[in-house]
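Below: one structure, written as structure tokens.
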Amino acid sequence: MRVDIATLFPDMCESVLSESIIGRARKSGAIEIHCHNIRDYTTDKHHRADDTPYGGGMGMVMKAEPIHRCWLAVCAELQKPPHSIYLSPQGSVLTQAKTVQLSGYENLFLLCGHYEGIDQRILDQIIDEEISIGDYVLTGGELPALVLTDAIARMCSGVLPAAVCFEDESHFSGLLEYPQYTRPELWQGEAVPEVLLSGHHRNISLWKEKERLRVTEQKRPDLYQAWLKHKKES
Ligand code: SAM
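Heads up, the sequence shown is in this note's numbering, so the first residue is -2 and it goes up one at a time.
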């Protein structure tokens, strides 16, 4: 998969995406990520990528033209338009199911807004969907683009050692994960559940299933009820 991120702050994205699991996946070629500076696609001598809003109001609005040039340059490299997403507090709120769906695309173009937002006309022309990372407002789309890229990238083949690494985790099946433990067996008087030390695979797996249900019901009764409903219907 290839992800192109269009932003006024590419260093902010690069620094995060060069670290840890995603950084290693980029180096190994399991995923390709390019961060584009929208300012590089301006044509005036001051490299202005934003301007005051028509109709008045506070703040600045990002101009359509440099974003269009950036998107066209990516289209030309790919020889086709990528699936294009605007990170926006007005978009549909990101879920694990959505990240699974997006991980199926070969090419994603992520547009990060800043300041007051982006000229509506470029959104109307190039954007396929708007995605929010929650019902609150941030200063820019960079953190949301990083959240989305991370959530998608970890499901791409070759990024994690095996699919079970993400399939077993919270939200993938609609439930939360069971509690995890590591050495020592006894810490401050608290022991690791005995079954996990037994080496009995079937009992361990039954314990994990039971714990998933218990933890989900306790921490997220809304998810638990939705899971029960889905199970009844299927
Ligand atoms: N004026 C916009 C509004 O009221 O809908 C908010 C603009 S916000 C200050 C600047 C940029 O941050 C947006 O263009 C968007 O790219 C990004 N952003 C802010 N909150 C976000 C969220 N919850 N999810 C995704 N992107 C967000």
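We put the CB at the ideal spot given by N, CA and C, even for glycine.
Keep in mind that this is a model prediction, so the values were computed, not measured.
Fill in: S231 CB to nearest heavy atom of the ligand SAM below 6 Å
Your numbering for residue 231 matches position 234 in the sequence shown. Flag unset: Cβ of S231 not near the ligand SAM.
Worksheet item: Helix, strand or coil: which one does DSSP assign to Y83?
Response: What you label residue 83 is simply residue 86 of the sequence shown in a count that begins at 1. The three-state reading of DSSP puts Y83 in strand, counting E and B together.
Worksheet item: Taking the C-alpha atoms as reference points, what is the distance between V71 and P78?
Response: Locating residue 71 in the sequence shown gives position 74, counting from the first residue. Locating residue 78 in the sequence shown gives position 81, counting from the first residue. So the alpha carbons of these two residues sit roughly 8 Å apart.
Discussion item. Distance check for G138 and Q222, CA to CA, integer angstroms please.
Written reply: Along the sequence shown, one-based indexing puts residue 222 at 225. Along the sequence shown, one-based indexing puts residue 138 at 141. Near 33 Å, if we compare the C-alpha coordinates of G138 and Q222.
Worksheet item: Are three or more beta carbon pairs between the stretch 81 to 96 and the stretch 138 to 149 nearer than 8 Å?
Response: yes
Practice prompt. Just list the alpha helix (DSSP H) runs in the stretch 96 to 170, keeping only unbroken ones of 4 residues or longer that don't cross its boundaries, in chain order.
Written response: 117 to 123, 139 to 150 and 161 to 164
Worksheet item: For R45, does the three-state DSSP call read helix, strand or coil?
Response: On the sequence shown, residue 45 is found 48 positions in, with the first residue counted as 1. Coil, per DSSP.
Discussion item. Please classify A3 as buried or exposed, where buried requires at least 16 other C-beta atoms within 10 Å of its C-beta.
Written reply: For the purposes of this step, residue 3 is identified with residue 6 of the sequence shown, where counting begins at 1. Buried: at least 16 other Cβ atoms inside 10 Å.
Worksheet item: Applying the criterion that 16 or more other CB atoms from any shown protein chain within 10 Å of the CB defines a buried residue, is P176 buried or exposed?
Response: Walking along the sequence shown from the start, residue 176 turns up at place 179. By the neighbour-count criterion, in which 16 or more other beta carbons inside 10 Å mark a residue as buried, P176 falls on the exposed side.
Worksheet item: Whose C-alpha, out of E62, D48 and E214, is nearest the C-alpha of I123?
Response: Position 126 of the sequence shown, counted from the first residue, corresponds to residue 123. If we check each option's Cα against that of I123, E62 comes out closest.
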